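Okay, structure first, notes after.
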Amino acid sequence: MSLRVFIPRDSGALAVGADEVAAALLEHAHARDLPVDLVRPGSRGLYWLEPMLEVDTPEGRVAYGPVTPADVPALLDAILSDGTHPLKQGLTEQIPWLKRQTRLTFARCGIVDPRSIDDYRAHGGYRGLERALKMSSDAIIDDVVKSGLRGRGGAGFPTGTKWRTVAQAGRGQKYICCNADEGDSGTFADRMLMEGDPFMIIEGMTIAGIAVGATKGYIYIRSEYPHAVEAMNAAIEAARRTGYLGEHICHSTDSFDIEVRVGAGAYICGEETSMLESLEGKRGTVRAKPPLPAHKGLFGRPTVINNVLTFSAVPYILDGGAQAYADCGMGKSRGTKPIQLGGNVKHGGLFEVAFGITLGELVDEIGGGTLSGRPVRAVQVGGPLGAYFPRALFDTPFDYEAFAARSGMVGHGGVVVFDDTVDMAKQARFAMEFCAHESCGKCTPCRIGSTRGAETVDKIITGDRPAANIAVLEDLCNTMKFGSLCALGGLTPIPVLSALTHFPEDFGLAPRRLQAAE
Amino acid sequence: MQYEPWEPARASEIIAGLTHKEGATLLMLQALQEAFGYVPQGAEPMIAQALNLSRAEVHGVLTFYPDFRRAPPGRHVLKLCRAEACQAAGGDALAAHVETRLGVTFGATTADGAVTLEPAYCLGLCATAPSAMINERVVGRLDAGKLDALLAEAQR
């Protein structure tokens, strides 16, 4: 009997030595004449335990982590004798961190072999597409509408409504574009899915294609993710080989194919219209809306643009889960949200849960506080354009509206934890500097405002007429907020103003007491 | 990383292989950089002609995207993440350390041509911050010691 072992190929695991552990395992197993069936799945998202090694047992998979190559001999002894080992975490599914989650989108991530379409199908994959192929376009879109699915890229626009617009936009060439330009600091859910469950993204895009009448899809992946590019390309080829992509999908009358396009280091290309420009081979400058991409998108044709997580939610919904999906969540935020905990955090990783969990539960209970062991002082939620929240706002529930009500945003679900050594004036300056660095230059408030913003924060920091300069900064933020064409210039004021509002002492101002509840 | 020396005939061949693609400018620039390590000035009119664009348009695209280089890089490219999650985990100190250690600022190549130092704004390794990518190898939970070992390897 061979030993079935799982060691992730996810780049988060590779970054901490998963390949070295895999090599050591094969070497030691070979020396013992022990046959090993090594599978390289994605990550379960428990990154503080990476590289995590799992062994198949009759009771289920047993996890060990974080493993170093030096641990491997003793680990093999423990595995073969079913003995104890300091790195043994027990049954993976029973690890409390994982058990507390509601995994819909990430149900297969870390479990299946991302290179195997058979494994994907054995775990329920392609059931959504098979059902969609028997449905009318309207019925598919109805299901997506009924599920309440909102775009997971950050803006939260209702997905079904977007699809319906494209479906009704006449005949002729239409496109499906998957936005995989996950540029926000603190976010890695898209990367994990592309590396860990790529067929699900392909299936979601294919269903979208059938629903709106598009035969061609592009997935735009940022160049910072070479492993994701490789995994997606391999999966697309496998899907083509087995008739899940290309002409007459699964012997039906529908045809659909996908091409991977790689970005070139510009953050702005995560903005949907910049992404379209980039896909067209141009500078990634923002387009004014209207016209909406649903009417005039890629190459001027009607285009569905959704994020990786949005397309990934679709197979589950089509597989008869529209109501089940809608039953999760709170208010107008339905379904689950994969939250990514990063930065200075003890237990960092991906935590998928129904909307409604509070920020404090996430940071203190799930995340276990800081890795440095110092007190948590600030948490940035929603990427570089998200607000910095102090402890006083830790009762905020994860919900688009609740965050918006406190001048923050859920965005793509990134939560970056900072300890008490953080200088919030410096973080505010960085937000402006980042905007200046990444601005596409098309609109003046963003292009010039961000540079002036960084200069103004500098003046405040050095104590140069702080009151007058804070007034200038606030005015500048307002101009950017209301005068910018897209979210980069429009949202950069969020981190800046939140730092100023919640951490005035870092700007040389008197501290303010903040009421926790509103 | 090993690159081919610049050769216009080879560049023409690469460009010709991509003209059938929709919106091919970035694809061509990427393929050229993959072959030669950078996009030489001489490639700009070639792409322009193949795609019926003005040379200025190609130049505009080339200079818009941070990934494209107009001069050859060092033998190794170290991208250190400068974004918030890595900042929270000590990334700024690490950035200062690497600049001192290499004697160059971000965007420059060491005098011996061994390492080009570039900033990255998020590698998606935020739960194992601070992180970096050397060539296409990802590294997480970085500290000064681990970084020095990587650089010593690159500079050999």
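Chains as they are written, first to last, in our numbering: chain H, 1 to 518; chain W, 1001 to 1156. Positions of the beta carbon are idealized from the N, C-alpha and C atoms, including for glycine. Source: prediction; values computed, not measured.
*Taking just the CA atoms, how far does W:G1091 sit from H:K162?*
Approximately 40 Å between the Cα atoms of the pair.
*Is the distance from the Cβ of H:E54 to the Cβ of H:P66 below 8 Å?*
no
*Consult DSSP for H:E518 and reduce its assignment to one of helix, strand or coil.*
The predicted model places H:E518 with a pLDDT of 40, which falls under 50 and marks its position as unreliable; any figure quoted below should be read in that light. Coil at H:E518, not helix or strand.
*chain W contact residues for H:L245, given Cβ-Cβ distances below 9 Å*: Those within 9 Å of H:L245 in chain W number zero; the least Cβ separation is about 17 Å.
*For a contact meaning CB atoms closer than 8 Å, what does W:P1073 contact in chain H?*
Chain H residues near W:P1073: none, gap ~14 Å exceeds 8 Å.
_Is the beta carbon of H:A15 closer than 8 Å to that of W:V1115?_
no
_Proximal chain H residues relative to W:S1066, where beta-carbon distance stays under 8 Å_ = The question names Ser, but residue 1066 of chain W in the sequence shown is Pro. Ordered by position in chain H, the residues that pass the 8 Å Cβ test against W:P1066 are A264, G265 and A266.
*Pull up the DSSP beta-bridge partners for H:Q340, would you.*
H:L350 and H:G414
*asked:* Using a Cβ distance threshold of 8 Å, determine whether the segment 172-189 of chain H contacts the segment 73-83 of chain H, with at least three qualifying pairs required.
replied: The way I'd put it, the segment 172-189 of chain H doesn't touch the segment 73-83 of chain H; fewer than three beta-carbon pairs between them come closer than 8 Å.
*My guess is that H:A467 and H:V422 are in contact by the Cβ rule of under 8 Å, so how many angstroms apart are they, rounded?*
The pair is not a contact, with the Cβ atoms about 24 Å apart (cut-off 8 Å).
*asked:* Do H:G413 and H:Y47 have their beta-carbon atoms positioned less than 8 Å apart in this structure?
replied: no
_Check whether chain H comes within 8 Å of W:G1124, counting only Cβ atoms and requiring the distance to be less than that._
yes
*Just how far apart, CA to CA, sit H:D71 and H:S2?*
20 Å
*Taking only beta carbons into account, state which residues of the segment 1024-1038 of chain W come closer than 8 Å to chain H, listed in chain order.*
A1024, T1025, L1026, L1027, L1029 and Q1030
_Between H:F400 and H:A499, how many whole angstroms is the CB-CB distance? I'm expecting something under 8 Å._
One point to set straight first is that residue 400 of chain H is Tyr, not Phe, in the sequence displayed. A Cβ-Cβ separation of about 22 Å leaves H:Y400 out of contact with H:A499 under the 8 Å criterion.
_H:G373 versus H:V363 - alpha carbon distance_ = Straight-line spacing of the CA atoms in H:G373 and H:V363 works out to 13 Å.
*Measure the C-alpha to C-alpha separation of H:E518 and H:V376 and round it to an integer number of angstroms.*
Because the pLDDT of H:E518 is 40, which lies under 50, any placement of that residue in the model is unreliable, and the question is left without a value.
_Restricting to Cα atoms, I'd like to know which of H:Y120, H:T102, H:I219 and H:G246 is closest to H:G196._
H:Y120
*Does the beta carbon of W:L1060 sit closer than 8 Å to a beta carbon anywhere in chain H?*
Correcting the residue identity first, residue 1060 of chain W is Gly in this sequence and not Leu. Interface with chain H (8 Å Cβ-Cβ cutoff): W:G1060 is included.
_What would DSSP say about W:K1079, mapped onto helix, strand or coil?_
strand
_Which of helix, strand or coil DSSP assigns to H:M192_ = helix
*Which ranges would you report for the beta strand (DSSP E) in the segment 255-289 of chain H if only whole runs of at least 3 residues count?*
Here the runs fully enclosed are 257-262.
*So, does the CB of W:T1128 fall closer than 8 Å to a CB anywhere in chain H?*
It does; some Cβ of chain H falls within 8 Å.
*Could you name the residues of the same chain whose beta carbon sits closer than 6 Å to that of W:T1019, not counting the 5 residues immediately before and after it, in chain order?*
A1050
*Between W:C1122, W:P1005 and W:F1064, which lies nearest to H:R283 when the distance is taken from Cα to Cα?*
W:F1064
*Collapsed DSSP secondary structure at H:C178 in the structure displayed*: In the structure shown, H:C178 falls within a strand segment according to DSSP collapsed to helix, strand and coil.
_So within the segment 25-84 of chain H, which uninterrupted beta strand (DSSP E) runs reach at least 3 residues, ignoring any that extend past its ends?_
36-39, 53-57 and 60-64
*asked:* Any C-beta of chain W within less than 8 Å: which residues of the segment 11-36 of chain H qualify?
replied: S11, G12, L14, A15 and V16
*Roughly how many angstroms lie between the CA atoms of H:A22 and H:S223, to the nearest whole one?*
26 Å
*What is the rounded straight-line gap between the Cα of H:A189 and the Cα of H:L350?*
7 Å
*Indicate the three-state DSSP secondary structure (helix, strand or coil) for H:P158 in the structure shown.*
Strand, per DSSP.
*Out of H:T358, H:G125 and H:K99, point me to the one whose CA is closest to H:R108's CA.*
H:G125
*Would you check if the segment 485-495 of chain H and the segment 421-438 of chain H touch, i.e. whether three or more CB-CB distances between them fall below 8 Å?*
yes
_Using only the alpha-carbon positions, how far apart do W:G1053 and H:G45 sit?_
Per the sequence shown, the amino acid found at residue 1053 of chain W is Leu instead of Gly. Distance between the alpha carbons of W:L1053 and H:G45 is about 45 Å.
*asked:* Using beta carbons (cut-off 8 Å, strictly below), is H:V353 in contact with chain W?
replied: no
*Return the chain-ordered list of same chain residues with a C-beta closer than 6 Å to the C-beta of H:Q380, the five sequence neighbours on each side being excluded.*
G386, Y388 and V416
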